Each structure stands twice: as C-alpha cells, then as structure tokens.
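Numbered by our numbering, the letters in the sequence shown go through residues 54 to 1068 in order.
Each residue gets a CB set at the ideal place from its N, CA and C atoms; glycine is no exception.
Note that the structure is a prediction, hence the values are computed from the model and not measured.
As structure tokens, the structure follows; a few thoughts come after it.
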Amino acid sequence: MKNTILLLILSCLGLFAQTTLMDFTHEKPKIYIVNAQKVEQSYSYETVEGRENALKLTWNPQKHAWLEFSFAKNPPMNSFTTATFAVDVWIPNPEHIDHFNIRFRDKFREILQYRTSLDRKTAKPGWQTITFNIDNTKPPLCNWGGIQNNGRIEFPASFQGLTIDFKDRTIQQGTAAFGKVVYAVKTDLTPATPTLDTGNPLGILVPGQEQNFRLKLENTKPRTLDGKLEFVIKDHDGNPVQKGSFQINLPTGKTAYSPLPAPKLLGIYTIDYVFKESDPNIDDSETTRSFAYMKPAGPTPGRGVGFLFGVCSHPQSKPRHEQELEAMAAAWCGAKILREDVWWNRFQPEEDRWNFEDFDFCVDVFAKQNVEIEAIYSFGNPWANASDTVPLDPSRPARRPDYKHWANFIRTFAERYRHKVHYVEVWNEPDLIGFANFGVDEYIELMKIAYRETKKAAPEMTMLTAGFTCMPPERPSSGFRDPQHMVKAITKGRGFYDVHAIHIHGTYERYKKEVDALVKLRQDLDIPQPWYSNETAISSTHAGDFVQATTLFRKFLFAWSRGAMGYNWYDLRNDGYDPKNGEHNFGLVTRDFQPKMAYVVFNTLASYFTQAKFIRQLDCGPSMDIFLFQDRDGNWLIPFWNMDRRQTSQAAILTDVTGTATLIDMFSNETPINVSQNTLVFSIDKVPAFIKVTGQDNPPKCSGNFFRLASKITHLKGEAQSQAFKDRQRDLLYIPGEPSELSFEVDNPTSQPVEVSLAIIPPKGIAADRQSINFKLGAAETAKPTFVVTVDPSLYDQRTPIQVDTKFSTFWNVSYKVVPARIHTCHRSIGDRQPDFILDSKEQYIKLANEAGDLQHLTWQGLDDLSAKVWIACDETNFILKADVVDDKHVQPYKGFDIWNADSIQFAVSAGLKTYAEIGLARTNDGKPETFVFSKANDKTPSVNLVTTRTGNATTYTATIPLADLALTSQRLKEGFLVNVLVNDNDENTREGYLELAKGIGEYKSERHFVILKQ
54 MKNTILLLIL
64 SCLGLFAQTT
74 LMDFTHEKPK
84 IYIVNAQKVE
94 QSYSYETVEG
104 RENALKLTWN
114 PQKHAWLEFS
124 FAKNPPMNSF
134 TTATFAVDVW
144 IPNPEHIDHF
154 NIRFRDKFRE
164 ILQYRTSLDR
174 KTAKPGWQTI
184 TFNIDNTKPP
194 LCNWGGIQNN
204 GRIEFPASFQ
214 GLTIDFKDRT
224 IQQGTAAFGK
234 VVYAVKTDLT
244 PATPTLDTGN
254 PLGILVPGQE
264 QNFRLKLENT
274 KPRTLDGKLE
284 FVIKDHDGNP
294 VQKGSFQINL
304 PTGKTAYSPL
314 PAPKLLGIYT
324 IDYVFKESDP
334 NIDDSETTRS
344 FAYMKPAGPT
354 PGRGVGFLFG
364 VCSHPQSKPR
374 HEQELEAMAA
384 AWCGAKILRE
394 DVWWNRFQPE
404 EDRWNFEDFD
414 FCVDVFAKQN
424 VEIEAIYSFG
434 NPWANASDTV
444 PLDPSRPARR
454 PDYKHWANFI
464 RTFAERYRHK
474 VHYVEVWNEP
484 DLIGFANFGV
494 DEYIELMKIA
504 YRETKKAAPE
514 MTMLTAGFTC
524 MPPERPSSGF
534 RDPQHMVKAI
544 TKGRGFYDVH
554 AIHIHGTYER
564 YKKEVDALVK
574 LRQDLDIPQP
584 WYSNETAISS
594 THAGDFVQAT
604 TLFRKFLFAW
614 SRGAMGYNWY
624 DLRNDGYDPK
634 NGEHNFGLVT
644 RDFQPKMAYV
654 VFNTLASYFT
664 QAKFIRQLDC
674 GPSMDIFLFQ
684 DRDGNWLIPF
694 WNMDRRQTSQ
704 AAILTDVTGT
714 ATLIDMFSNE
724 TPINVSQNTL
734 VFSIDKVPAF
744 IKVTGQDNPP
754 KCSGNFFRLA
764 SKITHLKGEA
774 QSQAFKDRQR
784 DLLYIPGEPS
794 ELSFEVDNPT
804 SQPVEVSLAI
814 IPPKGIAADR
824 QSINFKLGAA
834 ETAKPTFVVT
844 VDPSLYDQRT
854 PIQVDTKFST
864 FWNVSYKVVP
874 ARIHTCHRSI
884 GDRQPDFILD
894 SKEQYIKLAN
904 EAGDLQHLTW
914 QGLDDLSAKV
924 WIACDETNFI
934 LKADVVDDKH
944 VQPYKGFDIW
954 NADSIQFAVS
964 AGLKTYAEIG
974 LARTNDGKPE
984 TFVFSKANDK
994 TPSVNLVTTR
1004 TGNATTYTAT
1014 IPLADLALTS
1024 QRLKEGFLVN
1034 VLVNDNDENT
1044 REGYLELAKG
1054 IGEYKSERHF
1064 VILKQ
C-alpha cells in the first residue's frame, strides 16, 4: 500500500524534485481544531488501513459544515511561483466529502486558502492522493488577515493547515485521515531573501562576539543566485553609520555568509539590505531588520533581590518554541519577574478535570532562565460563574466566579506551585468593566477568599491586589462605573493583601502626576503595604520608539523614587503587527523578536541599577528630575533628565566629587567626565542619562544650575498680575524677521577666575549677531552675556532649538539648548485666510482612555479621527474664534459643566490678570449650541455667542465674545496676550483623548506655556 501511494504522489508531482512538508505518521504534530468540542470534532493518531500513526479526523456534519485544523507550530516551506502540493489522504466514504482546502500563512501573517474538489466519480474508498496546483501570480480561493492582505503568498511562508468541506450532512459521523504532504516547486521567480545573523535568535550583537555579525544567504532556489548584496546600517536617529556591498554567486543548495562591520557605539540599530539579482525578471529583495549592540544584563542566578525588574507577557498563548524565546529575551535584558495570567478556564476546563500542563511548562521554561512567574488569578470560568450576581453593564455577562469554586481553584494552584511561584495577583484591573462586570464588594470577597486559601496552602506567597487603573484624581469614563473602586478595595480589604498593585499607562508626565497623587492618597488612607507598578508602559503606536524608550527610563526610576517595590513593563513582546493598533506595540521587542529601543534601555537599567538602593531626590533647579542611587558595589548613580519645554538642555553642578565620574547614556555607552576642584559640570537634556561616581564613600552634592536663560521682557509687554504670565514674558520670544535678545546668566562656581567662552550654533533659519562671546569671570561672580538673534518667517512655529556651547577655562565644556517661542499676529477678522493654528499631530495628542482592557481600541488614528483648524481674530469690540473640527464620531450628550467629557472645544484667554478666562464650546447630539464658562478673567461672566454646523464628519464652531468680557483692552492687544485651544474627542461615551495647542488646559491649569498673540 505504501509503495502504491508513493507512486501516486510521484506521478502527481511529475519529474520535479519533491519536498516533504509534513509526514503525520512520523511527526505526530499537535494540531488545533476550531471549536472542536462545540462542533463535535476530534483527532487522534492511530493505524488506518495499514498506515501507522495516521492523523485520523472525525466529525458530526450535522453540527458544522466543515472541519478546519491548524498546527501548533507551522512547518516552513520553500518559496515558489508555481507548485504542486500532493496530500496522502484516506477517505472511507468519498460521497461524504465535497472539497479539500489547504492553507498557508505568509510573512505578513496573511492566511491564503486554495481548494481542490473531490471527484466522486473517480474517487474510491481508501488511501489516495489529492493535489493542489497553485500559481502564486493568481488569487487564492480566499484570503484574510495580515498586514498587506494582497492575495499573494509573501515568503517566507508556512503550512497553516487543512480543511474538509462536507457534502453529506445527514449522517451522524464522518471520518478521514492524512498521511504525508509533499510538494514540488515547478517555477520560482521569487527573490532570494538574505537573513541577519547575530549569533542568537534575538537579534542581539554581543560585544566580543562581533564575528557572528553577518548576512546569511541560503540558496533554496532551483537556480544559481548571481547578483549584488548591498547594506546600510543606521543608528536610532536614522543616520547611516556603515554601508557596503558583496558580489554573490551561489549555486543551488549552498549557503553564503557576508561579514558585517559592527557599530562603534552600543545601542539600537537598523540594517537595510537589498539583494539585486542579475536576472531582470526577478524583483529585488529588500529587507529592514533591527538589532541591538549590547552586553546582556542577564540571565543572572537566583531570584530577584531588592527592587524588582519585571515585564508582562502572555506566553501560554504562544507555541512552546516561542515561549522559550520569550524566556530568553526576558532574561537577557535583566528581567527577573514575568507577569502572566493563570487562565482559570484553561487550568480547570471542567469541575472534575484539571490541566496543569500549560502553566507547568510556562513556569519551568522561564525558571530555566532564572525568571519567575508573577501569576494572576484570572478570570471567570464558564462552568464556575455565579448565578447570584448582577452585572454593572446589563448588556454584558457579569462572569463573577462562584465563591466555592473560586476557593477550590485558588487552593489547588497554591498547593501545586508553592516554592515555584512566589507572587500572586488577584484578578486584573477589576475597576474596568471589560475585566470585571461586577461590584467592588464582590471583588473584595474574591480577594479575601484568595488571601485565605493562598496563605493556608503557601504562607510564604506574596499576594497582590489586582492592578488598579483609576488613579486620583478620578476621571469620568464609561469604563469606570465606580471611580472609587480602588479606594474601597484597599480600605475595606485591609488585612487581605500584601502588596498594592497599580497600572498607569501613558506619558511620563501623567504617570508622575498620578503617582504623586497616589502616594498622598495612600498616606491619607494609612496604607502600610508596599505598592508595585506591576503593569505600566506606553505604546509606540503614536509615541514612537524613542519616546517609548525615554518613558521607560523615566517611569522606572521615578516609581522607585516614590517607594515602589518593583516595576513591570507591559509588554515584553508586541502583541501583533498592526502599526496603528496601540495594543500591538507595547513590547520591548517586536512580534518576531526584533529588539526595540526600549529593550536596550531596560537592559541598561538592569545592568547598572539591579540591587541598587534609592537614596534621595536631588534639587538642582526647576524642571530637572535628578535622583541619587547607590549601586550594589557602593558606587553612586545619578540619573537625570530635563522637563523644561523652553530649554531642551540645562546645565548643573555636582560638588564633593573626590572619585572618578563617568557619563552613561541610555544604551550603556560610557564617557569620562572631567572633574576639577572636586566639581563637575554636566548638561541635563531631554534624553535621560546618568552619572556614575566611583572611588568615594560619601555621595556628591548637587549645587544648582550655574548657566541659565536670563529673564528679560522683550516682545510680550505690559503689567501683569499672574506669575505664569510674567514668566511667559521673560521667555525667549520672537516675531518673525525682528531681532530678539538671547541672554544668559553665568555663575563662576569655582574659587578662582575663569575664562568663559560662549559659542552659538543657530540652526538654519535663525541668524545671530555674532558667533561667540568671550569674557573673564571672577570667583563667585555672575555675568549676563547676550546674543541678538533673528528668526526667518519660513520657520513658522517649529520648535527649533538654538545650541550654545560653553567652555570654562580648561575645566568644563557644556552644551545648552533653548527653544524660542513665536509671537503670532492677531488679525482683525477671520476672513478667507490660512488657519492660525493646526492641531493634527501625535505630539499634540494626549490619550486618556486606558491603554488596557476593552478601551484599548480607543486610540487616535490620525486626521480623520480627530483634527482641527483654528482661526482667532479681534476686531474693535469682539474676540472671535472659529474652529473646523474633523471627527469621525460626534458624541455630545452633556450640557453645562460636563460638556468637556465629550466632543467639544475648551479655549483659554489670558490678559495677565490674576485669573484668566476658560470657555467650553459644544454642539449637542440634537444639534444645539452649548457653552460653559469654566473660569472668568474678571467679575463679569463672558457672554458667548456660538454658532455650530456639522457636515459629514466636520463640525464648525464660531464663537464671538466681547473683548471687555475677556479683559482685553486695545492696549493689551498691542502689548500681547495669551491663548490656548483644546479639542476633546469622545467615542463610545468615553473621553478618548484630546488635541491641545499648548500645555495648560488638559493636564493642569496654567497659562505658563500658552501661545502668544499680538496686534
């Protein structure tokens, strides 16, 4: 029989060389049948008509019209243009089957399905061969998913699975079996694709192993590969750092390795490479890959000690070989904790049936890399859900567990994983309806049960509350039915948790504000248990890789400075490939294990700060975050970054430096710092970095900012009562084409005279009256050197920094950057002109919807999702604001004060008085204009005349307000005044986020950074 089948397969494939894609009888792979239990379908490996270990499938056609299965690990296949696939199949009853389908998954995750019909006239019961003749230049039967979704197999690709369509659906049971799947490539005009080799599967180039850095080209084609392989290596800013090419002549079946030059600095890089074959009929193969040049921080022996370095992931949902790679990726960057769900429904699929296999493997595979699992007791279980609970949202099931079943689940877990799992968390984000559609008192009861049962079985286990997402101050949202959920849980649940867990995603600025509020709340509530930032991150979807990386650095160390016991980055690995899906882009590495910038930053933190101790926060001046740590070897670590929007860099001084100082960047590159008279000067930039001081017992001291932007009123004039307005007057301001003074205050922190040299490096479009200023500064003296700069109108409102390099004799060199702010013309009418301001960029957008749970999809998608054009004018009597807002969904159910929670505009006008006016504009769901005055500039409530229209997805707001109601006089219009505009977006009854012209309305209230208008 076997010889007969082999002859049938050979005859189907003709004279072309065949390749075995899958031999079920030898490999017995694990497969997944979609909804197997529900549709009464199953598989087994058994002897079928003399064929041992054939894959036998059974089904009930009355339950479903087809059977489909996929592999736990897809077999890879060679590229082709045309090919024939032959499947060895046993069909006892050909009349029961209509079609067979074969599926492939390409490199862009697109699924493509091809069909062959069973010819029941010639088909006979027993083993036989069916064939699929596939032409990749023609569309498949159907295709779905993936990034490109172009109906063409993009290689490398893999064998996804097979399906059977049933003909006779009246029978009770059908059956078939599969033996071997082979294929033969008939033609292959697809380009050959080299791969990047770093010596490991993580794309990490380890210093000292540069010989492993190469491009690998394996010729699986039926032709000799003749052509040119070109490459360009770029740094994280996209600047080329290395380039080159290789001539390739590679016979079929051979492999070529082309050595690559290693970068000079540690960091994250991309390599673009293209293979151009000499045959003009074959397309060029173009590939971009990232790689990290870094010394791995791990794996390290034992459990994590001190502040916990953790990551989150979902390894159990991945094939086991990918779980092994995730464990390796976590360990190499220095993580010691991985947070993962238990998934009760998989752990105990039925009341009397337990499945420990998946979680056992997960715990063991990470333990091999010395990474321990922080387990989440989650979630409800279909057979164990309570019947006596009332859902908060009636449109969704509550899914609150029955307490007795819950207790049994907790007890069984704790008994089995005692001494293997040391941290357990009760549920995930129960303050979000998407995760817990039941009340806080029911959650508290679940937490109490979990605590009692865990401590009975494993007293040494540490139990965390669920990670709460709604931090003070609470924000109205349809996702939070009870904004006080966390407060109630940690107070009513006293004594039933060891650690208070929180989740705060988003920007560092938001994190900093909410963590400080959280710390105060915990003090007010007298919560002694430590807190743990055990799921906290930002997606790179809109922030980008650089902001994601700097956010990780800042959040991690700030949490530590505020008393956190640990920090888990969410996520270890991207959840998908969609660049517009926020949930897909939280990872430290991509879905296919390419390192991202944040991965290298995490590695740097773990390399230097593991087992360190936080000492205190240092004060070197406003808008500078500087902290003091002591590392495990007794050295001093001083991380810092600048938060001043006006100055991208500032200068600071460390004194009492008797040892050796080194500047270390986010990627672990070390640069010696000159120390003179036990003092060092350094630049504090937007990009975080840290200083390491070795060889001294006592810590250095921070002595303030010796090089400052001088305060001087230039273009924004007039008397002011508001301190924020006064501060704005003293910023470096410019009117296009007019000269402005750039002045500094320079202190001499030494005990002797110094020669000071200031060299200005203006960017294109900005001119300075001179290139440098040189002067002598006595001990403890201060000077005020001044440059005169002129900004070309072509720069419009770009935030282009001006760099000034300063040299103090032979002691120190330091760079300083300042961002000038433009003064805009206030026109006398709206007219037919270009808008004054455009809000349409990710830099202007602030996301409010939690980056977790069922609110994740509420992510800004670009101009059609939300954007605005704004015009402002002041005539003799009125202030006029017009805004054209594009919003794909208009939602405004509110009136009065609450209109800011839905689609609306908030704008503010400051005339320099003690208070300023802030006004809300809205168009309600029934088309009526609605306004609200949030604050007044004087005793008079502004009279607002609002007209709104909506056409398609565009809403126009035109508001007219008497100048006097805003405290705007003709003199103030000439001297200048401040404005700001914020556009709110509400989708699905949730304030998703907003676009803001400048800071000062959304996150906090202050006119400090408002835009300047002047007639």
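Runs of the beta strand (DSSP E) lying entirely within the region 741-770 and spanning at least 3 residues, in chain order: 742-747 and 760-762. Contact annotation: Arg-875 and Leu-999 have beta-carbon atoms that are not nearer than 9 Å. In the structure shown, Ser-1023 falls within a helical segment according to DSSP collapsed to helix, strand and coil.
DSSP places Met-130 within a strand segment (E or B) once states are collapsed to three.
Taking a 10 Å sphere around the C-beta of Thr-589, we find 16 or more other C-beta atoms and assign the residue as buried.
Remark: three or more beta-carbon pairs, one from each stretch, lie closer than 8 Å, so the region 538-546 and the region 488-497 are flagged as touching. Fewer than three pairs of CB atoms, one per stretch, sit closer than 8 Å, so the region 114-121 makes no contact with the region 193-209. Contact annotation, Pro-247 with Leu-215: C-beta distance approximately 32 Å; criterion of less than 8 Å not satisfied. DSSP places Gln-369 in the helix class (H, G or I) of the three-state scheme. For Ile-580, no alpha helix (DSSP H) encloses it, and the DSSP letter there is neither H nor E. In this structure, the CA atom of Tyr-167 is about 15 Å from the CA atom of Phe-133. Counting only runs of 3 or more residues that sit fully inside the region 203-283, the beta strand (DSSP E) segments are 210-219, 227-240, 248-250 and 267-271, in chain order. Runs of beta strand (DSSP E) with 3 or more residues, each lying fully within the region 405-479, are found at 425-430 and 476-479, listed in chain order. Ala-503: member of the alpha helix (DSSP H) spanning 493-510, first to last residue.
Rounded to the nearest angstrom, the gap between the Cα atoms of Ala-704 and Met-719 is 19 Å.
With three or more CB-CB distances shorter than 8 Å, the region 949-966 counts as touching the region 1023-1035. Lys-739 carries a coil assignment under DSSP once its states are collapsed to helix, strand and coil. Around the C-beta of Ile-390, 16 or more other C-beta atoms lie within 10 Å, and the residue is accordingly described as buried. Taking 9 Å as the cut-off, the Cβ atoms of Arg-607 and Tyr-561 count as close. Between the C-alpha atoms of Asn-991 and Leu-769 there is a straight-line separation of about 21 Å. Taken through DSSP and simplified to helix, strand or coil, Met-719 comes out as coil. Collapsing the DSSP output to three states places Gln-703 in a strand.
Assignment of Gly-619 by DSSP, reduced to helix, strand and coil, places it in the strand class. Rounded to the nearest angstrom, the gap between the Cα atoms of Val-857 and Leu-681 is 28 Å. Secondary structure of Phe-549 (DSSP, three-state): coil. Shown here, Pro-792 sits in a strand according to DSSP, grouped into three states. The three-state reading of DSSP puts Arg-626 in strand, counting E and B together. Its chain contains Ala-350, Gly-351, Phe-362, Cys-386, Gly-387 and Ala-388 as the residues whose beta carbon lies nearer than 8 Å to that of Ala-659, once the 5 sequence neighbours on both sides are disregarded; these appear in chain order.
Here the C-alpha atom of Val-235 lies approximately 22 Å from the C-alpha atom of Pro-145.
A contact between stretches requires three or more CB pairs, one per stretch, nearer than 8 Å, and the region 800-807 meets this requirement with the region 830-846. For Asn-88, no beta strand (DSSP E) segment is defined, and its DSSP state is neither H nor E. Here the alpha carbons of Val-923 and Arg-886 stand approximately 11 Å from one another. In the three-state reduction of the DSSP assignment, His-558 falls in the coil class. Thr-1008 and Thr-977 have their C-alpha atoms some 11 Å from each other. Taken in chain order, the unbroken stretches of beta strand (DSSP E) that lie wholly in the region 330-363 and span 3 residues or more are 338-346.
As the crow flies, the alpha-carbon of Thr-657 is around 6 Å from that of Ser-721.
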